[in-house]
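Residue numbers (our numbering): 15 to 295. Take a look at the structure below.
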């Protein structure tokens with residue numbers, strides 16, 4: 015669905031950092047408080063982190079909370095809160111039922127300020143990795159089903175928004191495809207581990223901004239979770255020149271905000287036209 019209203023030239027956006035718990039209800043209550051804080055601070059678009067509604071003790075916990083597409087307590091909460099606050103919400107991720115009972119889709123759903131869902135993006139790249147020189151390993155494909163290999167960019171009052179999730183950050187071809195489709199803002203809700211975040215979080219988020227001359231809004235999970243996993247935090251908003259405008263500095267629940275100047279972004283793309291200088295497909 016496209017938003018046909020004229021795009022705003024300046025907009026305040028928020029990246030919401032969470033230390034999500036092992037039960038849905040307290041996480042929704044906490045997310046509601048953080049979204050209200052973002053709205054009070056003038057944000058028009060707020061982005062929640064990956065797995066904001068549940069970071070369970072076991073990877074299979076998400077299966078019992080799986081919702082039908084378009085219906086369920088998590089999706090109802092998001093629609094209701096977006097309408098109540100007059101706030102666009104990019105909520106990543108929600109466990110949406112798949113054709114396989116032992117796997118769910120990791121879905122990033124976007125709601126406009128009337129509470130209408132305007133997009134759903136299912137994570138393309140699944141985090142099946144082992145850490146170098148460590149026993150730490152992850153296999154998302156055991157409980158997640160990847161989405162189709164299709165970039166998604168949507169219209170909004172703030173310009174074109176590209177959608178991505180966490181491990182997607184390591185695949186620059188996806189972000190170039192989003193930029194090619196006109197993305198001025200790219201969201202990447204994440205649950206980066208402390209190990210990978212320490213090594214690569216700032217490098218990857220800033221690189222994706224610079225390569226594509228786009229604002230990156232990248233909320234992360236932070237701290238220790240019920241499974242024993244530790245996530246990196248440092249939720250941030252990065253401008254198209256690679257400058258980190260705002261960043262969370264703790265492992266606590268936190269809202270960071272920044273103002274996006276779309277005219278400056280347009281000037282950067284005009285004066286530094288690397289996107290049009292491409293020679294390889």
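Think of the CB as a built atom: it goes at the ideal place given N, C-alpha and C, for glycine as much as any other residue.
Distance, residue 210 Cα to residue 218 Cα: 11 Å
Are the region 241 to 255 and the region 80 to 100 touching by the rule of at least three beta carbon pairs closer than 8 Å? no
When DSSP labels each residue in this structure, what does residue 102 get in the three-state scheme? strand
For residue 153, count neighbouring C-beta atoms within 10 Å of its own C-beta (all shown protein chains included) and say buried if the count is 16 or more, exposed if not. exposed
At least three beta-carbon pairs within less than 8 Å, the region 260 to 270 to the region 174 to 189: no
Which residue wins for smallest C-alpha separation from residue 30, given the options 215, 208, 37, 44? 44
With contact counted as at least three CB pairs below 8 Å, one residue from each stretch, are the region 266 to 275 and the region 93 to 104 in contact? no
Those runs of the beta strand (DSSP E) which lie wholly inside the region 149 to 209 and span at least 3 residues: 151 to 153, 175 to 177, 199 to 201
I think residue 156 touches residue 103, with their Cβ atoms under 8 Å apart; what is that distance to the nearest whole Å? Wrong, their Cβ atoms sit about 29 Å apart, outside the cutoff.
Could you check whether the region 125 to 134 touches the region 185 to 193, counting it as contact only if at least three pairs of C-beta atoms, one from each stretch, sit closer than 8 Å? no
For residue 15 and residue 174, I'd like the C-alpha separation in whole angstroms. At residue 15, the pLDDT of 48 sits below 50, so the modelled position is not reliable; the number obtained from the coordinates is stated separately. Answer to the nearest angstrom: the Cα atoms are 12 Å apart.
So residue 261 is in the beta strand (DSSP E); what residue range does that whole segment cover? 258 to 261
Which residue comes first and which comes last in the alpha helix (DSSP H) that contains residue 81? Here residue 81 belongs to no alpha helix (DSSP H), and DSSP marks it neither H nor E.
Should residue 94 go down as buried or exposed, given a rule of 16 or more other Cβ atoms within 10 Å for buried? exposed
Look at the alpha carbon of residue 273 and the alpha carbon of residue 121, and state the distance between them as a whole number of angstroms. 27 Å
What does the Cβ neighbour count give for residue 162, buried or exposed, with the cut at 16 atoms within 10 Å? exposed
Taking its Cβ as the centre, do 16 or more other Cβ atoms sit within 10 Å of residue 198, making it buried, or is it exposed? buried
Within a Cβ cutoff of 7 Å, which residues of the same chain sit near residue 260, ignoring the five residues on either side of it in sequence? 250, 251, 270, 271, 272
Can you give the Cα-Cα distance for residue 133 and residue 35, rounded to whole angstroms? 26 Å
Check for me: the beta strand (DSSP E) holding residue 26 runs from which residue to which? 24 to 31
On the DSSP bridge assignment, give the partners of residue 139 in chain order. BP columns for residue 139 are empty, so no partner.
At which residues does the alpha helix (DSSP H) containing residue 49 begin and terminate? 38 to 54
Can you check DSSP and say which residues form a bridge with residue 244? 238
Contacts around residue 238, its chain only, beta-carbon distance under 7 Å, and the 5 residues preceding and following it disregarded: 244
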